[in-house]
Amino acid sequence: MAEALEVERVESHLNPPASYDLADHPVPTGREETWRFTPLKRLRGILDGEPSDACLSWETSLPEGVTLPVITAEEAREHGELPPNDRPAALSAELAGGCQVIDIPADFSSDEPILVKLHGDDADALVWGQVLVRVGHHARATLVVEHNGSARYSALTSVVVGDGADLTMVSIQDWDDDAVHLGRDAIRVGRDATVKHAALSFGGDLVRMHANVEYAGPGGSAELLGLYFADTGQHIEHRLFADHTAPRTRSHVSYKGALQGRGAHTVWVGNVLIRKVAEGIDTFEENRNLVLTDGCQADSIPNLEIETGEIEGAGHASATGRFDDEQLFYLRSRGIDEKEARRLVVHGFFHDLIRKVGVPAIEEKLVTIVEAELSKNVSGKAL
Numbered sequence: 001m002a003e004a005l006e007v008e009r010v011e012s013h014l015n016p017p018a019s020y021d022l023a024d025h026p027v028p029t030g031r032e033e034t035w036r037f038t039p040l041k042r043l044r045g046i047l048d049g050e051p052s053d054a055c056l057s058w059e060t061s062l063p064e065g066v067t068l069p070v071i072t073a074e075e076a077r078e079h080g081e082l083p084p085n086d087r088p089a090a091l092s093a094e095l096a097g098g099c100q101v102i103d104i105p106a107d108f109s110s111d112e113p114i115l116v117k118l119h120g121d122d123a124d125a126l127v128w129g130q131v132l133v134r135v136g137h138h139a140r141a142t143l144v145v146e147h148n149g150s151a152r153y154s155a156l157t158s159v160v161v162g163d164g165a166d167l168t169m170v171s172i173q174d175w176d177d178d179a180v181h182l183g184r185d186a187i188r189v190g191r192d193a194t195v196k197h198a199a200l201s202f203g204g205d206l207v208r209m210h211a212n213v214e215y216a217g218p219g220g221s222a223e224l225l226g227l228y229f230a231d232t233g234q235h236i237e238h239r240l241f242a243d244h245t246a247p248r249t250r251s252h253v254s255y256k257g258a259l260q261g262r263g264a265h266t267v268w269v270g271n272v273l274i275r276k277v278a279e280g281i282d283t284f285e286e287n288r289n290l291v292l293t294d295g296c297q298a299d300s301i302p303n304l305e306i307e308t309g310e311i312e313g314a315g316h317a318s319a320t321g322r323f324d325d326e327q328l329f330y331l332r333s334r335g336i337d338e339k340e341a342r343r344l345v346v347h348g349f350f351h352d353l354i355r356k357v358g359v360p361a362i363e364e365k366l367v368t369i370v371e372a373e374l375s376k377n378v379s380g381k382a383l
C-alpha cells in the first residue's frame with residue numbers, strides 16, 4: 001500500500017496538484033483549460049470566498065451501525081480527507097466550519113441504503129460544505145446523497161474506502177432552476193476494494209461536478225457512471241479523473257447526457273492518468289450525448305495520459321448526435337406517432353446506464369425524471 005502512495009507525482013494540465021493553500025488556487029479568469037467551458041459570471045460570487053453561516057438542512061435514513069459525527073477541518077485531514085485540487089473545493093475546506101462525517105464501520109453489511117437528502121431554501125444563500133465518507137475494511141454499503149431546493153452550494157466530499165470494501169454511492173443533483181452547485185467527490189479505493197459512483201444531474205441553473213478516483217493499493221476497482229439532462233439555458237458540467245496510483249487496478253467511466261432547448265449546454269471532460277507504477281491496469285472511458293432540439297451545445301473531451309506500456313488495456317470513446325433516423329423509421333412504420341417514437345428512443349438511449357446504477361428505487365426515480373424532462377419539450381424541433 002505504501003508503494004502506491006509514494007509514486008512519483010505527475011503534473012497534469014487538467015488536474016492541478018492538490019493543496020489546501022488558497023494561494024495555489026487563484027481566482028480563475030476563464031482562460032484556464034480547467035475553466036474555459038464554465039460561465040464564471042453565473043457562479044454568483046462563489047469563487048470570491050465570502051464567509052457564510054448558511055447551511056443546507058439534512059434529512060437522513062441510516063441503517064443501524066452508521067453514524068454521522070461532526071469533526072473539525074483539522075481532524076478531517078487527520079482522518080484521511082483527500083486535499084482539494086481546485087479553488088471551490090479549497091474554499092469549502094476553509095470556510096465550511098466543520099466536517100460532516102458519514103461513518104460506515106468495518107465489516108458492515110446491509111441491503112438498506114444510507115439516504116441523505118440535502119435541501120436549500122434560499123437561492124441567494126452561499127453554503128460551504130465539507131463531507132467525509134469513511135468506509136471500513138470489508139464493509140458493504142449503498143449511499144444515496146440527494147441535493148434539492150435552492151442555494152449557491154460549494155462542497156468538498158472525500159470518500160475513503162477501506163481494503164476489501166464494496167461501496168455504491170449515488171449523488172443526485174435535482175435542484176430548483178435558480179441553484180448553483182460546485183461539487184468535488186474525491187474517492188480513494190483501498191486494496192481489492194470496489195467502488196461504484198453514479199453522478200445524476202438534472203436541476204439547477206449551473207452544476208459543475210468533479211469525480212476523482214485514486215487507489216491505495218493493488219486490486220482496486222472503480223466504476224464511474226453519470227446521467228444528465230440539460231434544459232433551456234442550463235449549464236451542466238462533469239469532470240472525471242481516474243488516477244491509477246497502484247498496479248492491477250481498474251476503472252470504467254460511462255456517462256450519458258441529453259440536451260433540449262436553446263442555450264442548453266453540457267460539458268464532459270474525462271481524464272485517465274496511468275502512472276509508471278500502475279502496471280497491469282485496465283481502463284476505459286466513454287461519453288455519449290443525444291441532442292434533442294436546435295440551439296444546444298455538448299462538449300465532450302476524453303483524455304489518456306500513459307506513463308507505462310505494461311497495461312492490460314486503455315481506451316476512450318466519445319460521441320454526440322441526434323436521434324437515429326433508422327430507429328425512428330422502424331417505430332413509425334409500426335404505427336407509433338413521431339412524438340411517442342422520440343420518447344421511446346430517448347428511454348432506450350438511457351436504459352442500459354440506468355440499469356447499471358444498481359439501486360432499484362433510484363432506477364425507478366431516474367425513469368420518472370427522464371419522462372418529466374421529455375414532457376417539457378413541447379415546441380423544440382429535433383435536429
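For the sequence shown, counting from 1, position 70 maps to 70 in the UniProt record's numbering; every step adds exactly one. A virtual CB, placed ideally from N, CA and C, is assigned to each residue, including glycine. Given the structure is predicted, the values throughout are model-derived calculations rather than measurements.
Residues sharing a beta bridge with N303, DSSP: Its beta-bridge partners are N271.
Of the listed residues I187, A54 and E50, nearest to E81 (C-alpha basis): Per the Cα distances, I187.
Residues bridged to T67 (per DSSP): DSSP lists D103 as partners of T67.
Where I236 falls: helix, strand or coil (DSSP): Three-state DSSP puts I236 in a strand.
Residue range of the unbroken alpha helix (DSSP H) whose run includes I369: Unbroken alpha helix (DSSP H) run through I369: P360 to S375.
Range covered by the alpha helix (DSSP H) that runs through residue 384: One cannot answer for residue 384 here, as it falls past the ends of the chain, which runs 1 to 383.
DSSP three-state assignment for K196, whether helix, strand or coil: In this structure, K196 counts as strand in the three-state DSSP scheme.
Top-ranked residue by Cα proximity to D176, from H197, G203, P83 and A199: From the listed residues H197, G203, P83 and A199, the smallest Cα separation to D176 is found for G203.
Limits of the unbroken alpha helix (DSSP H) element including G348: Element bounds for G348: E338 to K356.
According to DSSP, residues forming a beta bridge with residue 388: Nothing about residue 388 can be reported from this structure: the residues present for the chain run from 1 to 383 only.
Host beta strand (DSSP E) of E146 (start-end): R140 to V161 is the span of the beta strand (DSSP E), which, as asked, contains E146.
Reduced DSSP secondary structure (H/G/I, E/B, other) of P243: Rather than Pro, the amino acid found at residue 243 in this sequence is Asp. DSSP places D243 in the strand class (E or B) of the three-state scheme.
I336 to H137 span [Cα, whole Å]: When rounded, the separation of the alpha-carbon atoms in I336 and H137 is 52 Å.
Candidates L290, H238, S254 and G233: closest to R262 by CA position: Comparing alpha-carbon positions, the option among L290, H238, S254 and G233 lying closest to R262 turns out to be G233.
The segment 82 to 91 / the segment 101 to 114 touching (three or more Cβ pairs under 8 Å): Between the segment 82 to 91 and the segment 101 to 114, the count of C-beta pairs closer than 8 Å stays below three; the two stretches do not touch.
R42 in three-state terms, based on DSSP: Note: R42 maps to helix in three-state DSSP.
Beta carbon of L118 nearer than 8 Å to that of E50: Not closer than 8 Å, so no.
Selection from G45, S154, V159 and A319 that minimises the alpha carbon distance to V135: With distances taken between Cα atoms, V135 lies closest to V159.
Between the CA atoms of I71 and D24 - distance to the nearest angstrom: Spanning the two alpha carbons is a distance of roughly 25 Å.
C-alpha gap between A314 and A123, whole angstroms: Computed Cα separation, rounded: 42 Å.
When V267, V253 and T308 are compared against T283, the one with the closest alpha-carbon: Answer by Cα proximity: V253.
W268, buried or exposed, once every other Cβ within 10 Å from all chains shown has been counted against 16: Buried, by the Cβ-count rule.
Residue from V133, P247, F329 and S201 with nearest C-alpha to L259: Sorting V133, P247, F329 and S201 by C-alpha distance to the C-alpha of L259 places S201 at the top.
Beta-carbon proximity of V195 to I236, cut-off 8 Å: For the pair V195 and I236, the CB atoms are not nearer than the 8 Å cut-off.
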